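Chains as they are written, first to last, in our numbering: chain G, 1 to 395; chain U, 1001 to 1367.
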Amino acid sequence: MNDRAQGAGLSAQRINGNGAVRHHRGTVREALRTLGNILVKELLQLRRDPKILPILFIAPVIQLVILGYAATTDVRRVELAVCDLDHTAASRELVERFTRSTYFKRTAVVASQPGLDALLQSGTARIALTIPVGFAAERAAGRPGSVQLLSDGSDAMTGTLGLSYATDVLQDASAAGDAQPLVELRPIVLYNPDLVSRNYMVPATLAMIIMVMTMMLTAMALVRENELGTMEQLLVTPLTPGQLIIGKLIPFALVGLVEVFTALPVVLFWFGVPLRGSFATLILLTLPFMLCTLGLGLFISTLAQTQQQAMMLTAFVFILPQMLLSGFAFPIQNMPEIFQLVTFLVPLRYYLVILRGVFLKGVGFAVLWPEAVTLSGMGVVILLLARVRFRRRLG
Amino acid sequence: MLRRTLAIAIKELLQLRRDLRTALTLLAMPVLLLFIYGYALSFDVQHIRLAVVDEDGGRAARDVKDAFLESGYFDLVAYGGDIRTLDHMFDAGSAQAALIVPPRYGDDLAAHRRTTLQFVLDGSDSQTATTILGYARQIVASVSPVVPGGARDGPVAGVPLVWYNPDMASARFLVPGLLAFIMMVTAVIATALAVVREKERGTMESLRATPLRAIELLGGKTLPYLLVSFVAASVSLLLAHLLFDVPVRGSLLWLALVMLLFLAVGLGWGIFISTLAETQQVAFQFGLLSAMLPTLLLSGFIFPISSMPSALQVITYAVPARYFLVALREIVLKGAGPEVWWNQALGLVAYGVVVLGLATFRTVRSL
Chain G
1 MNDRAQGAGL SAQRINGNGA VRHHRGTVRE ALRTLGNILV KELLQLRRDP
51 KILPILFIAP VIQLVILGYA ATTDVRRVEL AVCDLDHTAA SRELVERFTR
101 STYFKRTAVV ASQPGLDALL QSGTARIALT IPVGFAAERA AGRPGSVQLL
151 SDGSDAMTGT LGLSYATDVL QDASAAGDAQ PLVELRPIVL YNPDLVSRNY
201 MVPATLAMII MVMTMMLTAM ALVRENELGT MEQLLVTPLT PGQLIIGKLI
251 PFALVGLVEV FTALPVVLFW FGVPLRGSFA TLILLTLPFM LCTLGLGLFI
301 STLAQTQQQA MMLTAFVFIL PQMLLSGFAF PIQNMPEIFQ LVTFLVPLRY
351 YLVILRGVFL KGVGFAVLWP EAVTLSGMGV VILLLARVRF RRRLG
Chain U
1001 MLRRTLAIAI KELLQLRRDL RTALTLLAMP VLLLFIYGYA LSFDVQHIRL
1051 AVVDEDGGRA ARDVKDAFLE SGYFDLVAYG GDIRTLDHMF DAGSAQAALI
1101 VPPRYGDDLA AHRRTTLQFV LDGSDSQTAT TILGYARQIV ASVSPVVPGG
1151 ARDGPVAGVP LVWYNPDMAS ARFLVPGLLA FIMMVTAVIA TALAVVREKE
1201 RGTMESLRAT PLRAIELLGG KTLPYLLVSF VAASVSLLLA HLLFDVPVRG
1251 SLLWLALVML LFLAVGLGWG IFISTLAETQ QVAFQFGLLS AMLPTLLLSG
1301 FIFPISSMPS ALQVITYAVP ARYFLVALRE IVLKGAGPEV WWNQALGLVA
1351 YGVVVLGLAT FRTVRSL
């Protein structure tokens, strides 16, 4: 064991020595040619697996379509159960207000309150409105008429939004009385005037696709070479570790870029998400992010011994927590302070600001440079770290 | 038959034990996710970055501003009289909402004239924006005097009451979904990779040369992962109970039964994938597309099914996690018995029979 390690160490030294000598001779062209050779080899290898290619290009589109349709936070048609105990014109008018709004869908009407129990339990209703006896009489006397809103808290998103919609409806009902509040609030919604959640979520899925494809593929491909023992063969070639790394990473960077180009038409034309900024900015600012994901892929490959491990590590340690802590679906501002600090270490966080900025706000370098600089810095650091580990592993 | 199945199971377990990193990831991942879900994620919008442009400068204007700040939802990031600074603040994201108080706001109020407050809002994140607008409406309604005089109806007041999860803790809501996700991933992907790995390394040939029958081989291959997923899910449930006070209101026995049903479906799916893929990379991609993503997105875990387009709602019936999640929430949060969720369990059983049948059929043929 010890012998082998020493032997390997020697061979690594020899390789390094060779690389240094070559460099000294100044044959940059030769180094580039070697690099080109690895690139060709890697691309050929990618083409040889007949099932991987269709997956590479179909998978992102499927992901995008599912995410685009499913990842909607526009809660509409909240199931509403109504229990009107007052039976007056005023109470019927209030019920009418609820059913008329697009937010609610009346799924049940019950005659007495205990009937609501079963409806909420089975999920037939998420919100239950009860109008007590005397509601109209109270209001006619100028006193507040109160109604009860029961909400199903086991589905937090529908529950919270359902309650806030209901409050809106009640406020409209109050305002429709003779009393007019003096101050009116006039909202102006920027960037996404119709408040379509798709415009926010779909550009972000581009980031997810890039992450899954570049990070995961890099990690798994490198580990596969380890597993199959072909990494050893590459070691005896006169390649420097730097050349080896670059040669291994560039094909995946290309795959990542191609994926962006495949997915972009779906984003723009299928989902109709506006691209208000420039296309060039988008692509240029994608590169620093890919630097990070490729670096992380390389880093993971130095941690994992088998493809199964690489897959698990990437999916659960690097991708899922990043998605949760980047503001992808859960806004960062809602998190406790400690977690907000953690999010600064998440590359995806910066890239999402870039993506959403370019797509929805139409901003460019002038606004996004802090994110771009941070991402580039992170990418370089990650790559350097990965390179150190990679070399140690080879040695 | 049982002995041979067990022998394979023990071999697989030994292999898993040697591969400590995978085993650790499988057990540590749920805990990590649980922490993030429990502590970090929430739908309550807070710390809204508010800029106030006060073109009035009087006391009434300051009262509105204070009402926003005292609500506890808003953080004041800028206060001034210049509307032109807003543009950049919104572009850079340093402001999310801006309140613009017009000149003569105070005078208008004092003279009982109607007046308008402008509320500019970053709509990129529509969900957050909707919530912010709701807050703003309530605050303005609370500070606004009403036109005096005349007979009028009283206002309508809503008394909200939240059941099952009174403080709307997202941990309580998300834990069932998390369980489904963890179980699906370990069951489908780990099983598929474990079988395909034997193919990739050529050890499947040696297994084929033994007097093992297909059923025994499959049983032995899946049992360890059944065990691991079940343990991982139980540990997460226990932790969720201890740390986040997630109650288990229904019977533990029913809970275990439904979990096992769901696992059987997942394992069947994993084996089915393993018959389609020749390499672990391909198997993983299949697993990702057919199990992980649908469980995350199409099961009602995070995004409510009732808000999806109808075509997609139909597709969700083909996602086993959908049935599992409904049953799980009913058992864990609502304490409901089988009379409420029997149809979900039935859906899982039907799914399991089909998937396991398909998987066995394809494996028998390929062996």
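Beta carbons: idealized from backbone N, C-alpha and C, even for Gly.
Fair warning: this is a prediction, and the values are worked out from it, not measured in the lab.
Check: Whether Leu-1297(U) touches Ile-66(G) by CB criterion (9 Å); Outcome: yes
Check: Local Cβ density within 10 Å of Met-220(G), reported as buried at 16 or more and exposed below that; Outcome: buried
Check: Residues, ordered as in the chain, of the stretch 187-210 of chain G that lie near chain U by beta-carbon distance below 7 Å; Outcome: Pro-187, Ile-188, Val-189, Leu-190, Tyr-191, Asn-192, Pro-193, Leu-195, Val-196, Ser-197, Tyr-200
Check: Residues within the stretch 1104-1121 of chain U neighbouring chain G, beta-carbon criterion of under 9 Å; Outcome: Tyr-1105, Asp-1108, Leu-1109, His-1112, Arg-1113, Arg-1114, Thr-1115, Thr-1116, Leu-1117, Gln-1118, Phe-1119, Val-1120, Leu-1121
Check: Reference Leu-1027(U); option with closest CA among Leu-385(G), Val-317(G), Pro-54(G), Gln-113(G); Outcome: Val-317(G)
Check: Burial state of Arg-47(G), where buried means 16 or more other Cβ atoms lie within 10 Å; Outcome: exposed
Check: Buried versus exposed call for Ile-58(G) [16 or more other C-beta atoms within 10 Å across all chains shown]; Outcome: exposed
Check: C-beta neighbour in chain G for Ser-1206(U), strict 9 Å; Outcome: no
Check: Where the beta strand (DSSP E) containing Arg-1062(U) begins and where it ends; Outcome: Where Arg-1062(U) is concerned, there is no enclosing beta strand (DSSP E), although the alpha helix (DSSP H) it sits in stretches over 1059-1070.
Check: DSSP beta-bridge partners of Tyr-1390(U); Outcome: In the structure as shown, chain U starts at 1001 and stops at 1367, and residue 1390(U) therefore has no counterpart that could be examined.
Check: Helix, strand or coil at Phe-1074(U) according to DSSP, with G and I counted as helix; Outcome: strand
Check: When Ile-1315(U), Leu-1034(U), Arg-1018(U), Gly-1270(U) are compared against Ala-1232(U), the one with the closest alpha-carbon; Outcome: Leu-1034(U)
Check: DSSP-derived helix/strand/coil call for His-23(G); Outcome: Bear in mind that the predicted position of His-23(G) carries a pLDDT of just 47, short of 50, making it unreliable; the figure below should be weighed with that in mind. Three-state DSSP puts His-23(G) in a helix.
Check: Chain-ordered neighbours of Ala-304(G) on chain U, where CB pairs are closer than 8 Å; Outcome: Arg-1021
Check: Assumed close pair Gly-1347(U), Gly-1268(U) - CB separation to whole angstroms, cut-off 8 Å; Outcome: With a Cβ gap of about 14 Å, Gly-1347(U) and Gly-1268(U) do not count as contacting.
Check: Per-residue contacts from Val-363(G) into chain U (C-beta, under 7 Å); Outcome: Asp-1091
Check: Which residues DSSP lists as bridging Val-82(G), in chain order; Outcome: Val-109(G), Leu-129(G)
Check: Delimiting residues of the alpha helix (DSSP H) encompassing Thr-281(G); Outcome: 279-303
Check: Residue nearest to Ser-1290(U) in terms of C-alpha spacing, selected from Gly-1270(U), Thr-1275(U), Pro-1247(U), Gln-1281(U); Outcome: Gly-1270(U)
Check: Other residues of its chain near Cys-292(G): CB distance less than 7 Å, five sequence neighbours each side excluded; Outcome: Pro-347, Leu-375, Met-378, Gly-379, Ile-382
Check: Distance between beta carbons of Ala-1192(U) and Ser-1274(U), contact taken as under 8 Å; Outcome: 5 Å
Check: Same chain, Cβ closer than 6 Å to Ile-1083(U), five either side skipped, listed in chain order; Outcome: Val-1053
Check: Cβ neighbours of Thr-1115(U) in the same chain (closer than 6 Å, five flanking residues each side left out); Outcome: Tyr-1105, Asp-1108
Check: Through-space distance from Arg-1329(U) to Arg-1059(U), alpha-carbon basis; Outcome: 51 Å
Check: Burial state of Ala-439(G), where buried means 16 or more other Cβ atoms lie within 10 Å; Outcome: Only positions 1 to 395 of chain G appear in this structure, which leaves residue 439(G) out of reach.
Check: Residues of the stretch 1297-1321 of chain U with Cβ closer than 7 Å to any Cβ of chain G, in chain order; Outcome: Leu-1297, Leu-1298, Ile-1302, Phe-1303, Pro-1304, Ser-1306, Ser-1307, Met-1308, Pro-1309, Leu-1312
Check: Proximal residues to Ala-1009(U) (C-beta, below 6 Å), its chain only, five neighbours per side dropped; Outcome: Gly-1220, Leu-1223, Pro-1224
Check: CB of Leu-257(G) within 9 Å of CB of Met-290(G), strictly; Outcome: yes
Check: Proximal chain U residues relative to Ala-59(G), where beta-carbon distance stays under 9 Å; Outcome: Gln-1285, Leu-1288, Leu-1289
Check: Same chain, Cβ closer than 7 Å to Leu-1016(U), five either side skipped, listed in chain order; Outcome: Thr-1022, Ala-1023, Pro-1224
Check: For Phe-1303(U), three-class secondary structure by DSSP; Outcome: coil
Check: Which of helix, strand or coil DSSP assigns to Pro-1102(U); Outcome: coil
Check: Residue nearest to Thr-1360(U) in terms of C-alpha spacing, selected from Ile-1305(U), Tyr-1323(U), Leu-1276(U), Ala-1040(U); Outcome: Leu-1276(U)
Check: Pairwise C-alpha distance: Phe-98(G) and Phe-299(G); Outcome: 55 Å
Check: Spatial distance of Pro-1176(U) from Gln-233(G) (CA atoms); Outcome: 48 Å
Check: Beta bridge counterpart(s) of Gly-274(G) as assigned by DSSP; Outcome: It is worth fixing the name first, because residue 274(G) is Pro in this sequence and not Gly. Paired residues: none, contrary to the question.
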